[in-house]
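First to last, the protein sequences are chains A and B. For any residue, its number in the numbering used here is found by taking its place in the first sequence, counting from 1, and adding 31. For any residue, its number in the numbering used here is found by taking its place in the second sequence, counting from 1, and adding 746. Where is the CB? At the ideal position from N, CA and C, for every residue including glycine.
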Amino acid sequence: MSTSILIALLWIVNLITDTGGQLAFKAAAIENREAAGWEHWRHMLRRPWIYIGAVLYIAEFFAWLAFLSTVPLAEGVLLGMAGIVTVMAGGRLWFSEHFTRPRIIGVSLILAGVALVGLGGMSA
Amino acid sequence: MSSRTFFIGGLLVLLVFDTFAQVCFKYTALAAAPLTFDLPWLLRALSSPWVYCAILGYLGAFVTWMTVLRRIPVGPAFAATHLEAVGVMVISIPLFGEILSWVQYLGAALILAGVFCLAYGERGHAPGESH
Chain A
32 MSTSILIALL WIVNLITDTG GQLAFKAAAI ENREAAGWEH WRHMLRRPWI
82 YIGAVLYIAE FFAWLAFLST VPLAEGVLLG MAGIVTVMAG GRLWFSEHFT
132 RPRIIGVSLI LAGVALVGLG GMSA
Chain B
747 MSSRTFFIGG LLVLLVFDTF AQVCFKYTAL AAAPLTFDLP WLLRALSSPW
797 VYCAILGYLG AFVTWMTVLR RIPVGPAFAA THLEAVGVMV ISIPLFGEIL
847 SWVQYLGAAL ILAGVFCLAY GERGHAPGES H
């Protein structure tokens, strides 16, 4: 397998595990909204979502390590930015979250900020 | 509690737990050095009290995150967790004597502005939003 295909593959695995993990945690958190406190946690622990989220989260940790060992950090920063966009999109598709104006502006500002913090740190 | 207060408050608690866990991991690594990736290294790490502080920090962060997700949409909430980059930058100035470039200060300011913008946007939910 050529290096560029490997990098692309790791990129995709990272995005899927990151986005999937966050969406699974969201699904776990909003099931059974009437329950509060311990009752809510007992309910979450009886359902699959929180475990799916945890497995994806751990998988992402190793995918991230593998990814960072093949590419310079700048591409890692870009990957982090892509994750913000895919979680936004996933939230819209799965949970009908709206792209309101403050959300679009806020997320755009954070994307620009993450890019500057990440890229600005490499030349320093 | 209003959604804005909940959003900012939850993020700050998350930031404290996360930073606490990271600092504890740093001290665990120092206590377990040299990094040999073998059983003695693992035992050195596990015999340091810092590793248990780090696990407690992660547990706290997890409970906080699940609580935030109950009320806040996951897209904006996940974007806002990148506030952690600002937290880590700020704490590395006194802790590790890091010098930041003006580009990084600008980036930190943009992230802060974005988080405030997202918090401002959390006032009740549009009809049909399933959270």
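Review point. For the alpha helix (DSSP H) that contains leucine 846 of chain B, what are its first and last residues?
Key: Here leucine 846 of chain B belongs to no alpha helix (DSSP H), and DSSP marks it neither H nor E.
Review point. In whole angstroms, what separates the C-alpha of alanine 854 of chain B from that of glycine 68 of chain A?
Key: 35 Å
Practice item. Please confirm if arginine 78 of chain A has its CB atom under 8 Å from at least one CB of chain B. Key: no
Check your understanding: Are there 16 or more other CB atoms within 10 angstroms of the CB of arginine 49 of chain A, so buried, or fewer, so exposed?
Key -> According to the sequence as given, residue 49 of chain A is aspartate; it is not arginine. Result: buried.
Exercise for review: Please check if any C-beta of chain B sits within less than 8 Å of the C-beta of isoleucine 61 of chain A.
Suggested key: yes
Exercise for review: Compute the Euclidean distance between the alpha carbons of alanine 39 of chain A and alanine 146 of chain A, then round it to the nearest angstrom.
Suggested key: 20 Å
Check your understanding: In whole angstroms, what is the alpha-carbon distance linking leucine 776 of chain B and tyrosine 798 of chain B?
Key -> 14 Å
Point to revise | Sequence-distant residues of its chain with Cβ nearer than 7 Å to alanine 66 of chain A (five each side left out) | key: His74
Practice item. Given a cut-off of 8 Å, decide if threonine 813 of chain B and alanine 791 of chain B are closer than it, judged by their beta-carbon atoms. Key: no
Practice item. Measure the alpha-carbon distance for phenylalanine 753 of chain B versus serine 33 of chain A and round it to whole angstroms. Key: 44 Å
Check your understanding: Which residues, in chain order, does the region 792-809 of chain B contribute to contact with chain A at a C-beta distance below 7 Å?
Key -> none
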